[in-house]
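Just so you know, the numbering used here puts 28 at position 17 of the sequence shown, and the rest follows in order with no gaps.
Built from N, CA and C at the ideal position, the CB exists for glycine as well.
The block underneath contains the structure these notes are about, expressed in structure tokens.
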Amino acid sequence: MTQDILTGQNMEILKKKSIMIRKFGKVFFFVDLLVIIFCLVSSNYLWLLNTQIAFFSTVVITIGSFLGYRKNIEKRVKTSSEEALLSDDRDTIDEIDDPHDLYSEIKQVEEKELSVEEIKQILKEEKANVKKNSIKNTFFSASGFASVYRIIGYVSLVFGFFVLKNNDLFDPYSYLAGLFITTFCVLTALIVNRKN
Numbered sequence: 012m013t014q015d016i017l018t019g020q021n022m023e024i025l026k027k028k029s030i031m032i033r034k035f036g037k038v039f040f041f042v043d044l045l046v047i048i049f050c051l052v053s054s055n056y057l058w059l060l061n062t063q064i065a066f067f068s069t070v071v072i073t074i075g076s077f078l079g080y081r082k083n084i085e086k087r088v089k090t091s092s093e094e095a096l097l098s099d100d101r102d103t104i105d106e107i108d109d110p111h112d113l114y115s116e117i118k119q120v121e122e123k124e125l126s127v128e129e130i131k132q133i134l135k136e137e138k139a140n141v142k143k144n145s146i147k148n149t150f151f152s153a154s155g156f157a158s159v160y161r162i163i164g165y166v167s168l169v170f171g172f173f174v175l176k177n178n179d180l181f182d183p184y185s186y187l188a189g190l191f192i193t194t195f196c197v198l199t200a201l202i203v204n205r206k207n
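Right, here's the structure in full:
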């Protein structure tokens with residue numbers, strides 16, 4: 012039953028994500044089309060070349076980031092849902108009534124004086140747990156920042172820059188404008204989505 016609810020929720024989230032991705036894509040290519048039309052009307056092909064190289068590189072970086080972090084979140088949701096299914100301490104009604112376990116009985120802990128060695132041992136154990144968790148967190152988030160698509164985007168960005176620079180076709184203003192298109196599109200899509 013719990014698995015069916017999670018599957019239904021995941022399907023709704025995926026539908027919303029695909030709608031949002033389409034909106035972002037429409038805004039990206041609409042603004043890029045405006046830039047292309049502007050460059051063609053003004054017969055400024057150098058601007059067109061610089062903006063398009065920068066734009067497509069940043070789009071690949073953005074898509075790579077999205078896919079990498081989406082995969083990261085899906086892994087975390089999967090592991091957290093498995094952990095939740097494995098813990099049978101509380102039943103479903105308890106989870107609904109008291110999701111943060113505020114009303115369970117408090118177990119009395121025997122208070123005793125700790126020696127310096129015991130305190131040092133406890134601190135060592137806690138430091139080891141923190142280190143283990145930070146390594147685990149780094150491992151889980153590595154797929155987000157080391158996505159193949161994202162790396163391809165950065166390589167194309169740097170490669171495009173050097174090709175333009177070595178052939179004396181580089182125009183810094185148009186290249187920065189091409190980089191800014193993606194940022195502008197993301198901000199515009201977020202504002203439009205917030206209004207809806």
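- Per DSSP, reduced to three states, the secondary structure at E136 is helical.
- Here S76 carries a helix assignment [DSSP, helix/strand/coil].
- A direct Cα-Cα distance of roughly 27 Å separates L44 from V159.
- A direct Cα-Cα distance of roughly 40 Å separates T73 from E136.
- DSSP, read as helix, strand or coil, puts F181 in coil.
- In the three-state reduction of the DSSP assignment, E124 falls in the coil class.
- Taking the C-beta atoms as reference points, S185 is found nearer than 8 Å to L57.
- Here V174 is exposed. Its C-beta has fewer than 16 other C-beta atoms within 10 Å.
- In the three-state reduction of the DSSP assignment, N61 falls in the helix class.
- L168 counts as buried, since at least 16 other C-beta atoms from the protein chains shown sit within 10 angstroms of its C-beta.
- For the pair K34 and N204, the CB atoms are nearer than the 8 Å cut-off.
- Sequence-distant Cβ neighbours of I32 in its own chain, meaning closer than 6 Å and more than five residues away, do not exist here.
- Cβ-Cβ distances below 7 Å link I48 to nothing in the same chain once the five nearest sequence neighbours on each side are left out.
- Burial check for I202: the Cβ neighbour count within 10 Å stays below 16, so the residue is exposed.
- Residue environment for L134: exposed (fewer than 16 other C-beta atoms within 10 angstroms of its C-beta).
- Proximity to F191 across Q63, E128, K89, N178 peaks at Q63, based on C-alpha coordinates.
- A139 and S126 have their alpha carbons spaced roughly 20 Å apart.
- Taking C-beta separations shorter than 7 Å and ignoring five residues to either side along the sequence, the partners of Y165 in its chain run I72, following chain order.
- Around the Cβ of F66, a 10 Å sphere holds 16 or more other Cβ atoms; the residue is buried.
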